[in-house]
Amino acid sequence: MNRAIYPFYFGIATLIVYSIFFVVPGLMGIYYSFTDWNSYSDEIRFIGFDNLAKIFSGEAKYLSYIENTLVFTVSTVVLKTALGLLFAIMLNDGVRAKGLHRVMLFMPSIVPMLVVGLIFKSILNPASGLLNESLRAIGLDFMAQKWLTDLNWAFKSIIAVDIWKGVGYIMIILLAGLQSIDKTYYEAAAIDGANFWQKLTRITIPLIVPALVVTTVLNLLHGLKVFEAVYVLTNGGPGYATDVMYTAIFKEFSTGNYGMGTALSSVLFVVMTLLGYFVVRLMSREGDER
Amino acid sequence: MKKWTMTLLSVFVAMTVVLAGCGGNNGKDANGGSASPSAGAGGSSEQGGSKKNVTLTYMASQGWIKDSEMELAKKFEEETGIKIDFQIVPADQYFNVLKTKLNAGEGPDIFGGQSGYSEITMNYNVEKNAVDLSDQEWVKREDPLSVEQLTVNGKVYALTIWDTYSSFVIGYNKKLFNELNLEIPKTYEEFKNAALKIQQAGVTPIYEPIADGWHHVMWFSEIGPNYDKLEPNLYDDLNQNKKKFVDSQVMLDSLTQLKEMYDLDFFGDNTLSDTGSDTVAKLGSGEFGMSLVAQSVATEIAEEYEEFEIEDIGFFPIPLTDNQIYYINPGGPSKFIYSGSKYIEEAKQYFNFLTKQENLQFMLDNDPTISNLNFPDLKNKYTAEQQKLFDSYQERGTDIQNYVNYVNPQWMDIGKDIVAMLSGVIQPVDVLRSIDQRRAEMAKVAQDPNWK
Numbered sequence: 009m010n011r012a013i014y015p016f017y018f019g020i021a022t023l024i025v026y027s028i029f030f031v032v033p034g035l036m037g038i039y040y041s042f043t044d045w046n047s048y049s050d051e052i053r054f055i056g057f058d059n060l061a062k063i064f065s066g067e068a069k070y071l072s073y074i075e076n077t078l079v080f081t082v083s084t085v086v087l088k089t090a091l092g093l094l095f096a097i098m099l100n101d102g103v104r105a106k107g108l109h110r111v112m113l114f115m116p117s118i119v120p121m122l123v124v125g126l127i128f129k130s131i132l133n134p135a136s137g138l139l140n141e142s143l144r145a146i147g148l149d150f151m152a153q154k155w156l157t158d159l160n161w162a163f164k165s166i167i168a169v170d171i172w173k174g175v176g177y178i179m180i181i182l183l184a185g186l187q188s189i190d191k192t193y194y195e196a197a198a199i200d201g202a203n204f205w206q207k208l209t210r211i212t213i214p215l216i217v218p219a220l221v222v223t224t225v226l227n228l229l230h231g232l233k234v235f236e237a238v239y240v241l242t243n244g245g246p247g248y249a250t251d252v253m254y255t256a257i258f259k260e261f262s263t264g265n266y267g268m269g270t271a272l273s274s275v276l277f278v279v280m281t282l283l284g285y286f287v288v289r290l291m292s293r294e295g296d297e298r
Numbered sequence: 004m005k006k007w008t009m010t011l012l013s014v015f016v017a018m019t020v021v022l023a024g025c026g027g028n029n030g031k032d033a034n035g036g037s038a039s040p041s042a043g044a045g046g047s048s049e050q051g052g053s054k055k056n057v058t059l060t061y062m063a064s065q066g067w068i069k070d071s072e073m074e075l076a077k078k079f080e081e082e083t084g085i086k087i088d089f090q091i092v093p094a095d096q097y098f099n100v101l102k103t104k105l106n107a108g109e110g111p112d113i114f115g116g117q118s119g120y121s122e123i124t125m126n127y128n129v130e131k132n133a134v135d136l137s138d139q140e141w142v143k144r145e146d147p148l149s150v151e152q153l154t155v156n157g158k159v160y161a162l163t164i165w166d167t168y169s170s171f172v173i174g175y176n177k178k179l180f181n182e183l184n185l186e187i188p189k190t191y192e193e194f195k196n197a198a199l200k201i202q203q204a205g206v207t208p209i210y211e212p213i214a215d216g217w218h219h220v221m222w223f224s225e226i227g228p229n230y231d232k233l234e235p236n237l238y239d240d241l242n243q244n245k246k247k248f249v250d251s252q253v254m255l256d257s258l259t260q261l262k263e264m265y266d267l268d269f270f271g272d273n274t275l276s277d278t279g280s281d282t283v284a285k286l287g288s289g290e291f292g293m294s295l296v297a298q299s300v301a302t303e304i305a306e307e308y309e310e311f312e313i314e315d316i317g318f319f320p321i322p323l324t325d326n327q328i329y330y331i332n333p334g335g336p337s338k339f340i341y342s343g344s345k346y347i348e349e350a351k352q353y354f355n356f357l358t359k360q361e362n363l364q365f366m367l368d369n370d371p372t373i374s375n376l377n378f379p380d381l382k383n384k385y386t387a388e389q390q391k392l393f394d395s396y397q398e399r400g401t402d403i404q405n406y407v408n409y410v411n412p413q414w415m416d417i418g419k420d421i422v423a424m425l426s427g428v429i430q431p432v433d434v435l436r437s438i439d440q441r442r443a444e445m446a447k448v449a450q451d452p453n454w455k
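Chains A and B, in that order, give the protein sequences. Just so we're aligned, residue 9 is where the first sequence starts under the numbering used here, counting upward by one. Just so we're aligned, residue 4 is where the second sequence starts under the numbering used here, counting upward by one.
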């Protein structure tokens, strides 16, 4: 074993900064999730698992926040990856002005979510929004919906907006993956008479697994920590129908229930760590097999 | 192994040093902060007593300090030499900033706050943080209902100068009512029929900006005094936890009626996306017939729409559960003196100055949003329609959130519950149940003996 070249104390400064700014706050957050810390009283009492019990008891809609977050995450992961891959393949080769199209698709990613949200809030306004007005103008009145206030549509609208904004970013990563694939594979496959589908499943996808791992992890984390999209489009409404973990956490903090807020964050932290770990494990193993 | 122990130990030691350093800095900051005004105070001796060179910091949320008060503050400075330094904080951040300052023991000399027992005890802990003002002369003149809102255990903690009588009422298009031969409704049934007739005439009956999140809750809360009348002693029983919201039939009726109005499309198709900033336009354009509005809306409509005069908008209180009581919100943004202030006497002097009769009248005359104040013998600016409203509804009562504990702090949550009820996800009784649940949580936190 190679003994360290530098003496250990060279690392102390970094270790201190790391501990103060990352380890200690993290541990404190987990500690506070077992307390009733709030803005109404000075003392912080240790209450064990009360907060967690409340989250998982099914009362107070916490479970529906978790469910919404998971639905959001799964649908954005699947749809963004599928659409991103589709766009990437389309714009990889053989399309005119592909640079322009790539830029157009990527554009929404550089706009802040709050701005996107505000714009879509007006586009999706049931009475005066661009979408419904357009639908009415071309005679598709029956398709006009109360996009953000109808229970059946509100969450789907949020997911759609998030995909619109995020798909370009995923496309760029996958595009980079596609371009690293050697063209000779496709030529060889073509000589063997492989069709598009066979090329896709036998060459393209196996070879861009590393890129897919990256996009999946990014989408997963993005999905689990979704906040702005919901906050600005519906603020969790109508009622609590579109509330997710982070809007709930935000609400707990703004009402002064810091203990409950940190408990929710801790739950999310554990879920994120576990999911992230398994996804990376799973997908990198698949990549190694090749 | 030994090295690791060493490392951990040294990290621990280093951290302790750094953290201790932080603490030290804090202490220094606190001293520095309070030192600067005292330097100003040092100059007071040269002035020879009559004028002092003192600066009072006064922190408040946006909209709480009227321009006319700032003018008065200048006059006050000319007379006494005491300068008022206004620190205005945006409304959505105000309570966090204030609470942080109070908890850190670094409050401003004067701070603004909302009123109501649970608000001032739980959010500002006035018994610790504010100065007892019970012996001040103006306490005797201020509307007793307002004073009561800022009293804890018999001690008055704040001064309220606010237009407490101009509640949100239903403003209606009088021309439309005349065309359709409609009378001012006295019961929910009459109100419903009037709305149905308006609907048949092709006008949406009520503009209700639910998207704002807070506005629609007033339909439920403002008519509280009627609940208390129909179910005697309800308010007190709720405060003593002898009764819960769920136990009240009349509150359930009220929510059920609100739901019926929504189901009958009285609020129009777009109500969940509507916002209050459009109210004037929606009423002025004739697209809507009524709305739950501040009474100053009549003036705004008359200014913006030629076909409307001030008298074309009439008023009546919310008639759900057949309410005929003019509900008031006797509290309002109030002024507290911080108990840790060095200039308590000067701050009291400022309050005395503001409450002089001529200064109150000055404020009233010079502010378009105020039509009267909660002090007697002032010349009000009520319009004919407002006067008519006050004369027609002599019975008065306090709305729920200003009497019943733990309601005001959960206002926005109630708003969400009501939206969930309107969209059919939960039943009216569930709304009441959630209110009870949140009250119990708050009471537990506040260690309220009635909830033990």
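C-beta atoms are modelled at their ideal positions from N, C-alpha and C, and glycine is treated no differently.
Can you pull the chain C residues whose beta carbon is under 8 Å from the beta carbon of B/A423, in chain order?
Among the protein chains of the structure shown, namely A and B, there is no chain C.
Is there contact here, the region 180-194 of chain A with the region 95-103 of chain A, by at least three beta-carbon pairs under 8 Å?
yes
Roughly how many angstroms lie between the CA atoms of A/E75 and A/F64, to the nearest whole one?
Here residue 75 of chain A refers to the residue found at position 67 of the first sequence. Here residue 64 of chain A refers to the residue found at position 56 of the first sequence. Approximately 12 Å between the Cα atoms of the pair.
Which value, in whole angstroms, describes the spacing of the CA atoms of A/P33 and B/D402?
Taking the first sequence and counting its residues from 1, one reaches residue 33 of chain A at position 25. Taking the second sequence and counting its residues from 1, one reaches residue 402 of chain B at position 399. For A/P33 and B/D402, the distance between alpha carbons rounds to 43 Å.
List in chain order: all unbroken beta strand (DSSP E) runs of 3+ residues lying wholly within the region 289-343 of chain B.
Annotation note: the region 289-343 of chain B contains the following uninterrupted beta strand (DSSP E) runs of length 3 or greater, listed N- to C-terminal: 291-296, 316-319, 329-331, 337-340.
Going along the chain, which residues of the region 133-151 of chain B sit with their C-beta nearer than 9 Å to a C-beta in chain A?
Per Cβ criterion, the list is empty.
Is the CB-CB distance between B/T163 and B/N377 below 8 Å?
Along the second sequence, read from residue 1 onward, the residue named residue 163 of chain B stands at position 160. Along the second sequence, read from residue 1 onward, the residue named residue 377 of chain B stands at position 374. Yes, they are a contact pair.
Enumerate in chain order the residues of its own chain whose CB-to-CB distance from B/G26 is below 8 Å, with the five nearest sequence positions on each side excluded.
Residue mapping note: residue 26 of chain B aligns to position 23 of the second sequence, counting from 1. Bear in mind that a pLDDT of 38 at B/G26, under 50, signals an unreliable position, so the number given afterwards is only what the model happens to contain. Around B/G26: no qualifying Cβ.
Among the candidates B/Y120, B/L295, B/E82, whose CA atom is the shortest distance from the CA of B/D239?
One-based indexing of the second sequence puts residue 239 of chain B at position 236. That would be B/Y120, whose Cα lies nearest to the Cα of B/D239.
The region 149-160 of chain A contacting the region 236-253 of chain A, beta-carbon criterion three pairs below 8 Å
yes
CA-to-CA distance, B/K177 to B/S185, given in whole angstroms:
By 1-based counting over the second sequence, the position of residue 185 of chain B is 182. By 1-based counting over the second sequence, the position of residue 177 of chain B is 174. According to the sequence shown, residue 185 of chain B is Leu rather than Ser. Taking the straight line from one Cα to the other gives about 9 Å.
State yes or no: is the C-beta of A/Y194 within less than 8 Å of the C-beta of A/K173?
To locate residue 194 of chain A, count along the first sequence from 1; it is residue 186. To locate residue 173 of chain A, count along the first sequence from 1; it is residue 165. Cβ distance not < 8 Å, so A/Y194 and A/K173 don't count as in contact.
On the three-state DSSP scale, how would you describe B/N59?
Translated into positions along the second sequence, residue 59 of chain B becomes position 56. Here the sequence assigns Leu to residue 59 of chain B, which means Asn is not the residue at that position. Strand, per DSSP.
Based on Cα-Cα distance, which residue from B/I429, B/N375, B/Q298 lies nearest to B/T282?
For this step, residue 282 of chain B is matched to residue 279 along the second sequence. Nearest option by C-alpha distance: B/Q298.
Taking 8 Å as the threshold (beta carbon to beta carbon), is A/K164 in contact with chain B?
Reading the first sequence from its first residue, position 156 is the one you call residue 164 of chain A. No, A/K164 lies away from the interface with chain B (no Cβ there is under 8 Å from its Cβ).
Do the CB positions of B/I340 and B/D112 come within less than 8 Å of each other?
Taking the second sequence and counting its residues from 1, one reaches residue 340 of chain B at position 337. Taking the second sequence and counting its residues from 1, one reaches residue 112 of chain B at position 109. A contact, by the Cβ cut-off of 8 Å.
Does any CB atom of chain B fall closer than 8 Å to the CB of A/L232?
Indexing the first sequence from 1 puts residue 232 of chain A at position 224. No, A/L232 does not count as interfacial toward chain B.
Rounded separation between A/T22 and B/H219 - CA only
Taking the first residue of the first sequence as position 1, residue 22 of chain A is located at position 14. Taking the first residue of the second sequence as position 1, residue 219 of chain B is located at position 216. Cα to Cα, the separation comes out at about 54 Å.
B/K143 by DSSP, collapsed to three states: which one?
Within the second sequence, the letter at position 140 stands for residue 143 of chain B. Residue state, collapsed to three classes: helix.
Span of the beta strand (DSSP E), counted from its first residue to its last, around B/P208
If you number the second sequence from 1, residue 208 of chain B lands on position 205. Counted as a single uninterrupted DSSP element, the beta strand (DSSP E) harbouring B/P208 occupies residues 207-210.
Keeping to the same chain, check which residues put their C-beta closer than 6 Å to that of B/W241; ignore five residues upstream and five downstream.
Stepping through the second sequence from its first residue, residue 241 of chain B is reached at position 238. Looking at the sequence itself, residue 241 of chain B is Leu, so the reference to Trp does not match. Closer than 6 Å at Cβ, skipping near neighbours: V407.
Helix, strand or coil: which one does DSSP assign to B/Y175?
Against the second sequence, residue 175 of chain B aligns to sequence position 172. In the structure shown, B/Y175 sits in a strand (DSSP, three-state: E or B).
Would you verify that the beta carbon of B/E250 is, or is not, closer than 8 Å to some beta carbon of chain A?
The residue labelled residue 250 of chain B in the question sits at position 247 within the second sequence. Correcting the residue type first, residue 250 of chain B is Asp in the shown sequence and not Glu. So, not an interface residue.
Are there three or more Cβ pairs, one per stretch, closer than 8 Å when the region 217-234 of chain B is compared with the region 250-261 of chain B?
yes
Contact list for A/N46 against chain B, beta-carbon separation under 8 Å
If you number the first sequence from 1, residue 46 of chain A lands on position 38. Ordered by position in chain B, the residues that pass the 8 Å Cβ test against A/N46 are V448.
A/Y254 vs A/V279 beta-carbon contact at 8 Å:
The sequence position of residue 254 of chain A within the first sequence is 246, counting from 1. The sequence position of residue 279 of chain A within the first sequence is 271, counting from 1. Contact: no.
According to DSSP, residues forming a beta bridge with B/D70:
Mapped onto the second sequence, residue 70 of chain B falls at position 67. Looking at the DSSP assignment, B/D70 forms no beta bridge with any residue, so it has no partner.
So, A/G231 versus A/T84, is the Cβ gap smaller than 8 Å?
Locating residue 231 of chain A in the first sequence gives position 223, where the first residue counts as 1. Locating residue 84 of chain A in the first sequence gives position 76, where the first residue counts as 1. Cβ atoms of A/G231 and A/T84: closer than 8 Å.
Which of helix, strand or coil DSSP assigns to B/D88:
Taking the first residue of the second sequence as 1, we reach residue 88 of chain B at position 85. B/D88 falls in the strand class under three-state DSSP.
Could you list which residues in chain B have their beta carbon closer than 7 Å to that of A/N133, in chain order?
Locating residue 133 of chain A in the first sequence gives position 125, where the first residue counts as 1. S276, listed in chain order.
Going by DSSP in three states, A/S27 sits in which element: helix, strand or coil?
Indexing the first sequence from 1 puts residue 27 of chain A at position 19. Reduced to three states, the DSSP call for A/S27 is helix.
According to the Cβ coordinates, are B/Q404 and B/I438 closer than 8 Å?
Against the second sequence, residue 404 of chain B aligns to sequence position 401. Against the second sequence, residue 438 of chain B aligns to sequence position 435. No.
Per-residue burial, B/M221 [other beta carbons within 10 Å of its own, 16 or more giving buried]:
Start at 1 with the first residue of the second sequence, and residue 221 of chain B comes out as number 218. Looking at its Cβ environment, which holds 16 or more other Cβ atoms inside 10 Å, B/M221 is buried.
Can you name the residues that DSSP bridges to A/F150?
Locating residue 150 of chain A in the first sequence gives position 142, counting from the first residue. Note: A/F150 sits in no beta bridge, so no partner.
At the level of alpha carbons, what is the spacing between A/T223 and A/F277?
One-based indexing of the first sequence puts residue 223 of chain A at position 215. One-based indexing of the first sequence puts residue 277 of chain A at position 269. Going from the Cα of A/T223 to the Cα of A/F277 covers about 20 Å.
I think B/I316 touches B/E361, with their Cβ atoms under 8 Å apart; what is that distance to the nearest whole Å?
Residue 316 of chain B sits at position 313 when you count from the first residue of the second sequence. Residue 361 of chain B sits at position 358 when you count from the first residue of the second sequence. With a Cβ gap of about 32 Å, B/I316 and B/E361 do not count as contacting.
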